[in-house]
Structures are given as C-alpha cells and as structure tokens.
Amino acid sequence: MNIFTNFYFAVFGKPRYFMNMMETLDTALAKIIISAFFYPKTLIFCCFIIILLCFSAFFLLLRTKQKLTKAEETLNLREETLSSFPDGYYLWQYDSIGFIRDTYCSGRLAVMMDLTSGTSSSFDALLEHFSPESADLLSAALNALRTDERPFMLELQNKSKTRRFFVSGFRTHAIRYNSIIDILWIRETTETADKLFSLTKKTQDLEQENALLHQAFNSFPFPVWLRNEDLQLALCNDAYAKAVHASSVQQALLLGSELVYEKSPREAKVLAAAARAAGKERKTREFVVIDGKRRWIEASEIPLPSQVHSKNKTIGFVRDISQEQELQNSLQQHIASHNGVLEHLKTAIAVFDAEMRLQFYNTSFMNLWNLEEEELDGSPTYSHVLDMMREKRRLPENRDFNAYKTREIKYFTSLVSATEDVLHLPSGVTLRRMLTPHPLGGLLITYEDVTGHLTMERSMTVLNETQFTVVNHLREAILLFGRNGRLRLANTAYLDLWQITDPDFNRLSLSVMDVLEKQKPFFENESNWESLKEQLLGVITSHTGENFQILRPDGKVLEFMAIGLPDGGTFVSFLDVTEEEKTTSLIEEKETILNRFKQTAVQAEKLRASFLEQLGQEINPQLSILSEISQKLTDSKNQRLNKQQKAFLQTIADASEELKILFNDLTDLALIETGSAVLELNTVDVNALLNGILKIVQEPAKNKNITLKLTCPDNLPLLIADQKRLKQVLFYLMNNAITAAFKDGAVSLSAQTENKNIVITIEEQSLDVKNDSDTINFASQNGFASALIRSFIEMHGGTLAVSDKKGTKKTQIYLPIH
0 MNIFTNFYFA VFGKPRYFMN MMETLDTALA KIIISAFFYP KTLIFCCFII ILLCFSAFFL
60 LLRTKQKLTK AEETLNLREE TLSSFPDGYY LWQYDSIGFI RDTYCSGRLA VMMDLTSGTS
120 SSFDALLEHF SPESADLLSA ALNALRTDER PFMLELQNKS KTRRFFVSGF RTHAIRYNSI
180 IDILWIRETT ETADKLFSLT KKTQDLEQEN ALLHQAFNSF PFPVWLRNED LQLALCNDAY
240 AKAVHASSVQ QALLLGSELV YEKSPREAKV LAAAARAAGK ERKTREFVVI DGKRRWIEAS
300 EIPLPSQVHS KNKTIGFVRD ISQEQELQNS LQQHIASHNG VLEHLKTAIA VFDAEMRLQF
360 YNTSFMNLWN LEEEELDGSP TYSHVLDMMR EKRRLPENRD FNAYKTREIK YFTSLVSATE
420 DVLHLPSGVT LRRMLTPHPL GGLLITYEDV TGHLTMERSM TVLNETQFTV VNHLREAILL
480 FGRNGRLRLA NTAYLDLWQI TDPDFNRLSL SVMDVLEKQK PFFENESNWE SLKEQLLGVI
540 TSHTGENFQI LRPDGKVLEF MAIGLPDGGT FVSFLDVTEE EKTTSLIEEK ETILNRFKQT
600 AVQAEKLRAS FLEQLGQEIN PQLSILSEIS QKLTDSKNQR LNKQQKAFLQ TIADASEELK
660 ILFNDLTDLA LIETGSAVLE LNTVDVNALL NGILKIVQEP AKNKNITLKL TCPDNLPLLI
720 ADQKRLKQVL FYLMNNAITA AFKDGAVSLS AQTENKNIVI TIEEQSLDVK NDSDTINFAS
780 QNGFASALIR SFIEMHGGTL AVSDKKGTKK TQIYLPIH
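Per numbering that gives the first Met the number 0, the very first residue in the sequence shown carries number 0; after that it's consecutive.
Structure follows, in structure tokens:
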C-alpha cells in the first residue's frame, strides 16, 4: 500500500491531500482484508474490489499521463513563446525558507548579452557584460528586491557603452508550490533610445521653431491672420487683436472679430474665398481710422497650398499704404514737371512703361519720325510705333523686319543698363540712340541727329591721321604736349632715339615729368641728370622757344628745341646731329674699341685653351675611374648584385665612356678653333680602315637587325691622313646612320676614286621620308658633333656632302689623293 500511495502521490503531484487520503484508505483496506480471512465470500469480494480499484487506477494513471503530456506540450509552447520575445529574463527560485533552489537564464538573454554558457550562465557572468556603473546599480537594486521586495526599473549600458538596456525586476510568490521567484526582465533599447533621443531633439527644435515663428508672427507691426478651411479665424497676431479692440489674441479668436472697414465683416471672408478660388493673392484697398487718423490701407488674402484645393487655408495681412499713396502722388507731380522740361528739349525723347506702351513723347520725337499727334496720344505699344515708323520709311532698312522688331522688343526684358547705338536712316540722316531702363519700368529712348557731327568728326580724323603720318616720318624726334601738360604724340624717331619699346606709349597720356624720366637710363651721373631734367622741364613749361645741345653719355649729340603752340600745347624736338659734329672722333673711338676687342679675344682664346687642357686633366681620370669601377662591379664573378643593379652599373659605365668621348670631342673642337690641333699624318689603307669600322658598328646594327654592306675595291690608292681622326669621323657617321635607319633595313659603306679624290659613301634608308633635297644642312641635324666632323675633314683638305631623297640619305666624304 505504501508503494501504491507513493506512486499515486507522484502521479497526481498533490502530496498532502493524497497522503491523508491514502492513509485513510490503507486503514480501511487493512481492516477489510483482515476480516476477509475469516469469511471466504468476503475475501472474494475484497479481491474483486481490489481488481476493480487496480483497473480504475490504471485508467486514471493513463488519463493523468495524457494530461501530463499535454501540460508538457503546453509548457514547451509557452517556453518557446517566451524565447521568441525580444526581452530576455533571468530568474531565481527560492524555497519557503529562502534558499536558492534554482536559477535560470533565458536563451534570448544569452544571445542578447553574448553569454557563452547559454541558459546555464551565472548572474556574475551577466554583470560582467554591463558597465561598472550599471553593474553596481543592478546589484544594489537586486539586493533591495531580495530584502524589501521592492521592484525596480533601470536603464543600463553595456561595458563599451554602445548599447542600452531597460531592466525591470520584481518578486512573485508561488503559494501553490511553496516557492518564491525573483525575475529580471531585460530589453535592449539602443535603437529605441536613439529614436527617442532623435524625436526628442526634433520636438525641441520644432518647439523652438514654433516659438520663433510665433514670436516673429507677433512682431509684425501690422495685423496678420490665418483662416482655416471654413474661412474662420484660426490664428492672429497681437497687432490684429489690438486693431479689433480685443484684450488678447485668444479673445479675438474666441469672438471671431473681423477687421471692419467701410464694408461689412462678410466682405473679408468673400475676399478670402476669392483668393482660394483663384489660387493666388487677392487685394482690396479701404480707408480706415487708426489711432484717430484716417489711413489708406491694403488688405491681402493669400491661399496656402494643400491637397484639396477647396479646403485651402488662407493667410491675410493689412498694410498701411498712406505714405506710399502720398509718394505716388508726389511722383506723379514730379513726372509731370519732368515731362514739361523734356518737352522743350531738341532731343527726341519717348518713354515707354513696363507694358511697352508709350507714356510720354515730346514734339521733337513727333517731328523726327513724321508722326501725327493723334497716332501717339492713344498710348500705342512699342511694336505699333515701330510699324508706324516703317510705314513712313523712317526706320533703317532690314531684310527681316519681324526679327528686327523682336530684337527691339527684347530690350524691355533684357536691358539692365544704358546702351547706345547708331541708326542710319534711308534719308541719309544718322541718329545716335540711347536706350535707358526707366526706374519705374520700361524704357526711356532718346534720339539725337549726329549727321553733321559725324561729318565734322570724320574730317578731323582724316586731318589728324594726315598730320600724324607726316610727323611720324620726320627725321627729328618730336613730342607734342597738350595744354594740360599731357603727352599727345611721340613720333617713331623719338621712340627709336630714346629706345622706348612700349607700344602703348602714346596712349598713356604721360605728364612732362614722366616723359623725361624715360630718358634717365641714358645718363649715368645722377647729379648731371637732375640738372639736365630741371633745364628741360623749365624750357618746355616756359614756352620761351629756347634751343641748346645735349651730349648724351652714349656719344650722341642732340639739338633740343621747345616752342609753344596756339592751342596752349608745347612742341618739343630732338635732332640727332652726332654725325655732323662728331664724325672724325667717332671713327677714332671705334678703332680704339676694335683694337681693345681684338686683344680681349686673343686673351679669351688663350684662357679657353688653358681651361680645356686643365679640365681634361681633371675630368678624364675621374671618368676612367668611374668606368673601371662600374666594369668591375658588373663582372660575372660578382654574385652580390642582382641583374637590375648590374644593369644600372653598366649604364653608368656606358655613360662615363660617352662623356669621356664627348669631352674629348669638345677638346678637339676647341683646339681646332684655336688653330692648335695638329694631324698625325701617315699612310692609310682605306680597305682595312672600312673593314675595321664595320667590325666596331656590327653590334649596334645587330641589335636593330640592320644589314651592313661594304663595297670597296682592293686597288684603291693609299691615303695620306690621320688614321685616328678619320676612323673617329667614320665611326660617328656609321653610328648615326644605324640610328636613323629603319629596323630590319640596310646601311651600306663604299669607297671609290673620283677626280683625284677618294670618295667614301654611307647610305641608309632614314625615318624622314618627307625631305626631298639634294643637299641638307648637316650641322642643323647633328649639332655639336657635326662641327667636329666637318673640321676634321676640312683639316685633311676634303669636303663633306649630305643629300636626302625620299628617305634615302647619302653622306659622302671627298678626300684628296696626295
């Protein structure tokens, strides 16, 4: 029985209730079984009862198991539901005494806080993921919950303070299970907090903006109001409340007070409705008494855009235009006065308004264009006025009149500043037209007859050009100053005499002092120049007509003269009389200077020869050392350098050799120019010389895949020449030919006798196929080296000829046979 009781207790899970019931049942059954031993029927009955009870227990157990399975499924479903919540939780389960029976960390919390132990993570591990301040707050709140059962809600941060969490804790009593549970609910609020912060900031900004707009709205010194969809007052400023005699804005809105002028309040809503229907501003003007004064005001209603056009709100305001009206009246009076003045001017004047209609014209305008007063009094448009002028044949001839009229009308919209042009009428009259934007809109157009003025101006221009041409071809250096002391003319002789190269010299309008300062560079002594300048300035400004001679430090003798002109200007001339006065002394001076130059040239040649000799002694050993070191370092036995470094060193060695050769060539050329070079003459076998040259240039030719050809008879006579110099010339010419030849091309070297000369010819297909000339400038193509080659050949008594026909370049050396 005890086993059954325990099983039953375990199944139903209600220990106390089922324990009492089983004890009672055990006692009853014990009594029945003891009695049954003495009564067989009773025993059979008892067995039947026991079997029946066992079947009942079995079915009850099966039903209980089904309930437990369903409860377990429900429990799993609830647990999965809790796991799907965005919140995680951590709980402690205590027994009735207060000892911790169990702890549990939800899976969601483990994922949220990145807890490596999952649902079995400890609370200390959870605290480590919070910042120290947040961990202390959570620990203190949890202690208060355990001691005082005080629930809490906290906002905490993780250790890096990049995430925010909302934590709430509370205690619950499970009386049926005789246990206590503390639960922490944790929700990540990082995104929510950021949004809340952003919304809070936007709210604050909107509140500030609203306060600013409200303050600006109330700061308007004139009434402003806003109407809702029903055209009722929804908002107004303080000036509006004051205008309707309300104690505050709220009272004005509550009463719906409208500004009343000479019309009824209903007229204000009609104006707003008209503005809303038209979709644009509507205005009305009324007289009203403000502060005891009768004022002329303008009321406006402007529709505000919305999705439903018929439900647009409107904003309105009132503007005091009394002063504007007074100014308008005053302006009309001024315009009438100005029109009266313009009417009596001889200049033809017409004023068109912004709508291109004629608002004013004077009698001169009407007479100039031969128009009738009746045609102009109807305020015709500018287009119509042009048509009338065309009918009178008063406009300049135009092939496309419509295009001309379009250009003229465009002035009303494009002209921003005054512009001037000239009109040539068919009658021969020339008009200067001035188009000026009018301050009130439109154009002010003036026409001035300049026919006579242009004729006179043309005559004066021809006269001035004639005088300028005559003065400019005079031998004397002439200056012409105006009555204001400014330069008007300086002829070519003067500019050449004083070496003035500024092309705008005549247009600078220089003063007398500035012109004299241009002569200062010709006078070395400052004191002499100052005294001369004072003398020149005194003569020019006094108009006394004095003349005297000036001896310039450069040897020129100038005859100076200055006379006054009838118009108040000054005529100044400088005549160069050096040739007449100083011919003999100038020749002697030139001879002296020439001898001095010759001595200087001889000394320079000696110094150059000495310098080149000393420079060769200094540079050649250094270049040889540099080349030898580079060759040693690039030796195949040296394994410490890579291929690139060896290539660099080889480049240095090649450059050193080229510099050495170049310097030797330079030294040779210098010796030749000074006449110090001497040929080492000896008999030279031309055939052997040419074969030796081919062997030297074979490698560069091979690099370009160029075929070398030699044509040389065996019976050529011997040459008397410097074999070293001749070999140097041929090597350079062959190397130059290989460089200029096409890749995969051919270079030929030949020798033959011709008219007591041995002719050595080098021929190649060059890259320049455009040149087609029997002779070309060898020096211009080859520069410095060509001078050395030509000098060596001429020292042998020979000549050099170069020709190029359709890309075939031929270089020939003529050497005499001695």
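Where a beta carbon is used, it is the ideal one built from N, C-alpha and C, also for glycine.
For residue i, count neighbouring Cβ atoms within 10 angstroms of its own Cβ and tell me buried if that reaches 16, exposed if not.
i           : result
residue 795 : buried
residue 127 : exposed
residue 804 : exposed
residue 139 : exposed
residue 255 : exposed
residue 58  : exposed
residue 774 : With a pLDDT of only 47 at residue 774, under 50, the local geometry of the prediction cannot be trusted, and no value is derived from it.
residue 698 : exposed
residue 7   : Confidence at residue 7 is low in this model, with a pLDDT of 30, below 50, so its placement is unreliable and the value that follows should be read with caution. Residue 7 comes out buried.
residue 303 : exposed
residue 353 : exposed
residue 222 : buried
residue 300 : buried
residue 544 : exposed
residue 46  : exposed
residue 14  : Any reading at residue 14 needs caution, since the residue's pLDDT is 42, under 50, leaving its predicted position unreliable; the model's value is listed next. Counting Cβ neighbours within 10 Å, residue 14 comes out exposed, since fewer than 16 surround it.
residue 235 : buried
residue 723 : exposed
residue 99  : exposed
residue 713 : exposed
Quick check: residue i and residue j, are their CB atoms within less than 8 Å of each other?
i           : j           : result
residue 137 : residue 114 : no
residue 249 : residue 295 : no
residue 718 : residue 685 : yes
residue 428 : residue 448 : yes
residue 705 : residue 740 : yes
residue 424 : residue 435 : no
residue 165 : residue 186 : yes
residue 492 : residue 504 : no
residue 573 : residue 475 : yes
residue 88  : residue 183 : yes
residue 575 : residue 496 : yes
residue 482 : residue 566 : yes
residue 312 : residue 208 : no
residue 92  : residue 178 : yes
residue 282 : residue 297 : yes
residue 118 : residue 109 : yes
residue 162 : residue 191 : no
residue 757 : residue 715 : yes
How is the beta strand (DSSP E) around residue i delimited, first residue to last?
i           : result
residue 152 : 151-156
residue 480 : 476-480
residue 572 : 569-575
residue 550 : 546-550
residue 351 : 347-351
residue 751 : 745-752
residue 214 : Looking at the DSSP string, residue 214 is not in any beta strand (DSSP E); the run it does join, the alpha helix (DSSP H), is 189-218.
residue 269 : Where residue 269 is concerned, there is no enclosing beta strand (DSSP E), although the alpha helix (DSSP H) it sits in stretches over 265-277.
residue 300 : 292-302
residue 803 : 798-804
residue 343 : Per DSSP, residue 343 belongs to no beta strand (DSSP E) and is neither H nor E.
residue 316 : 313-319
residue 708 : 706-710
residue 756 : 756-764
residue 424 : Counting along the chain, residue 424 falls outside any beta strand (DSSP E), and DSSP gives it neither H nor E.
First and last residue of the alpha helix (DSSP H) that includes residue i?
i           : result
residue 367 : 362-367
residue 356 : Where residue 356 is concerned, there is no enclosing alpha helix (DSSP H), given that its DSSP letter is neither H nor E.
residue 401 : 400-413
Does the beta carbon of residue i come closer than 8 Å to any beta carbon on chain D?
i           : result
residue 340 : Considering every chain present, this structure includes no chain D. It has just one protein chain.
Please determine if the region 369-377 and the region 403-419 are in contact, where contact requires at least 3 C-beta pairs separated by less than 8 Å. No contact exists between the region 369-377 and the region 403-419.
Identify every run of the beta strand (DSSP E) within the region 88-169, keeping only runs that are complete inside it and at least 3 residues long; order them along the chain. With a minimum length of 3 residues, the unbroken runs of beta strand (DSSP E) contained wholly in the region 88-169 fall at 99-104, 151-156.
Hey, which unbroken runs of the beta strand (DSSP E) at 3 residues or more fall wholly within the region 674-699? With a minimum length of 3 residues, the continuous beta strand (DSSP E) runs that stay inside the region 674-699 are 681-683.
Is it true that the region 374-390 meets the region 461-476, where meeting means three or more beta-carbon pairs spaced less than 8 Å apart? Remark: fewer than three beta-carbon pairs, one from each stretch, lie closer than 8 Å, so the region 374-390 and the region 461-476 are not flagged as touching.
Could you say if the region 166-181 and the region 198-205 meet the contact criterion of at least three C-beta pairs nearer than 8 Å? With the cut-off at 8 Å, the region 166-181 and the region 198-205 do not touch.
Can you check the region 499-557 for any beta strand (DSSP E) of at least 3 residues that lies completely inside it and give the ranges in chain order? Counting whole runs of 3 or more residues, the region 499-557 contains the beta strand (DSSP E) stretches 546-550.
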